[in-house]
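Engineer: Before anything else, here's the structure in question.
Numbering (this note's numbering), first residue to last: 165 to 262.
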């Protein structure tokens, strides 16, 4: 059971990397961004995928009467926090480009 859930962790790593890279791009490369809206939407859709994966994992664990892992929950929570933090940076860049 645990090996099935560990195979889903790869997707969480990918989602986490994409969200963090978008945040770093917004934070440190403000002057070079011309597509802040695209990056924000990109982050939003990746976040939706991660939350969906979290719920599917929970469903799988419930159906198989197993124990879930905390990694998926905390990773998804971290992605939500980073996404919310990156919204003001994207908004600043949108205002500068106008």
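For every residue, glycine included, the Cβ atom is placed at its ideal position computed from N, Cα and C.
Quantities reported herein were computed from a predicted structural model and do not represent experimental measurements.
Return yes when the Cβ of residue 248 is within less than 7 angstroms of the Cβ of residue 183, no when it is not.
Structural biologist: No.
Engineer: Would you mind sorting residue 128 into buried or exposed? The rule is 16 or more other CB atoms within 10 Å of its CB.
Structural biologist: The structure shown does not extend to residue 128, since the chain spans only 165 to 262, so no value can be given for it.
Engineer: Beta carbon of residue 213: closer than 6 angstroms to some heavy atom of the ligand SAM?
Structural biologist: Ligands in the displayed structure: none, and consequently the ligand SAM is not present.
Engineer: Under 7 angstroms between the Cβ atoms of residue 254 and residue 190?
Structural biologist: Cβ atoms of residue 254 and residue 190: closer than 7 angstroms.
Engineer: Mind checking whether residue 221 and residue 172 have CB atoms under 7 angstroms apart?
Structural biologist: For residue 221 and residue 172, yes; Cβs fall inside 7 angstroms.
Engineer: Assuming residue 207 and residue 257 are in contact, meaning their beta carbons sit under 8 angstroms apart, how far apart are those beta carbons, in whole angstroms?
Structural biologist: In fact, because the Cβ distance is near 13 angstroms, the residues do not count as touching under 8 angstroms.
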